[in-house]
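The structure appears below as structure tokens.
As structure tokens, then:
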């Protein structure tokens with residue numbers, strides 16, 4: 001924003017000039033409106049100051065916000081760590097369940113196949129074994145689908161929780 005743009009932005013205040021503060025690294029993030037050295041200029045400065053106080057963007061508000069951020073910085077870090085630890089515990093638990101299912105499924109399938117190949121006394125017994133095998137496979141498939149759905153839900157919740165925490169952090173910054 002240039003000097004003229006700054007004057008235009010605050011045109012309701014009767015400022016004479018605008019200046020920007022520059023240092024060795026460039027703009028210092030501060031601009032100044034210069035008012036006439038009279039009682040009218042002083043009243044305009046007071047009116048502008050009141051405007052910034054009402055908006056919560058005056059010098060004291062900025063200092064207070066920075067201090068509040070420093071005070072709550074450790075707490076926010078601890079909350080983030082707790083959140084990450086909880087997500088890790090959930091992921092580890094889910095991964096352990098998946099591993100158990102993957103480990104059990106071939107064993108159970110092998111048991112059923114062995115019982116099917118050892119010979120059956122009659123067709124009824126064979127049919128019962130086949131039905132049992134199909135039910136087992138169906139249950140295993142449903143459990144895997146549930147675990148995958150839970151995993152996707154947790155990943156989505158993790159992303160949303162992290163985004164909410166970031167937005168809350170930015171709101172506290174401003």
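In full-length UniProt numbering, the protein residues as written are 1 to 174.
Just so it is clear, CB atoms sit at the ideal spot from N, CA and C, and this is done for glycine as well.
On the criterion of 16 or more Cβ atoms from any shown chain inside 10 Å, does residue 39 qualify as buried, or is it exposed?
Exposed, by the Cβ-count rule.
Roughly how many whole angstroms lie between the Cα atoms of residue 87 and residue 122?
Straight-line Cα distance between these residues: approximately 52 Å.
Just the Cα atoms here: how many angstroms apart are residue 100 and residue 166?
The alpha-carbon atoms of residue 100 and residue 166 are separated by roughly 36 Å.
Is residue 46 near residue 35, with beta carbons less than 8 Å apart?
For residue 46 and residue 35, no; Cβs fall outside 8 Å.
Curious, which full-length beta strand (DSSP E) runs of at least 3 residues does the stretch 42–102 contain?
Here no run is fully enclosed.
So residue 147 packs on residue 98, CB below 8 Å; how close in whole Å?
Sure, about 6 Å apart at Cβ, within 8 Å.
Among 19, 102 and 12, which residue has its Cα nearest to the Cα of residue 3?
Minimum Cα distance to residue 3 is reached at 19.
Please say whether residue 112 and residue 129 have beta carbons closer to each other than 8 Å?
In this structure, residue 112 lies closer than 8 Å to residue 129 by Cβ.
Mind checking who residue 34 pairs with in its DSSP beta bridge?
The partner list for residue 34 (beta bridge, DSSP) reads 17.
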